[in-house]
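Numbering (the numbering used here), first residue to last: 15 to 66.
Spelled out as structure tokens, the structure:
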């Protein structure tokens, strides 16, 4: 799961935890139908490999 910041034009930005960028975008569309497309930014960094 990844953390995203979602900003819908004319609304206050909110953060959420989603499985993908597409899931975050779909959440914005569901919460604010008819709004302009949301800006979705991933706040999480995927870790690659093991810890050193």
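All C-beta atoms, glycine included, are put in the ideal place defined by N, C-alpha and C.
Using a Cβ-Cβ cut-off of 6 Å (strictly less than) and excluding sequence neighbours within five positions of residue 23, which residues of its own chain qualify?
Within the chain shown, the letter at position 9 stands for residue 23. Cβ neighbours of residue 23 beyond the five flanking positions: 50.
What does DSSP give as the partner residue(s) for residue 28 in the beta ladder?
Translated into positions along the chain shown, residue 28 becomes position 14. Answer is 20, bridged to residue 28.
Determine whether the beta carbon atoms of residue 38 and residue 26 lie at a separation below 8 Å.
Here residue 38 refers to the residue found at position 24 when the chain shown is read from its first residue. Here residue 26 refers to the residue found at position 12 when the chain shown is read from its first residue. No. Outside cutoff.
Taking the alpha carbon of residue 46 as the reference point, which residue from 28, 16 and 17 has its own alpha carbon closest?
Here residue 46 corresponds to residue number 32 of the chain shown, with the count starting at 1. Ranking 28, 16 and 17 by Cα distance to residue 46 puts 28 first.
Compute the distance between the beta-carbons of residue 16 and residue 53, then report whether it is under 8 Å.
On the chain shown, residue 16 is found 2 positions in, with the first residue counted as 1. On the chain shown, residue 53 is found 39 positions in, with the first residue counted as 1. No, the pair does not count as a contact, with Cβ atoms beyond the cut-off.
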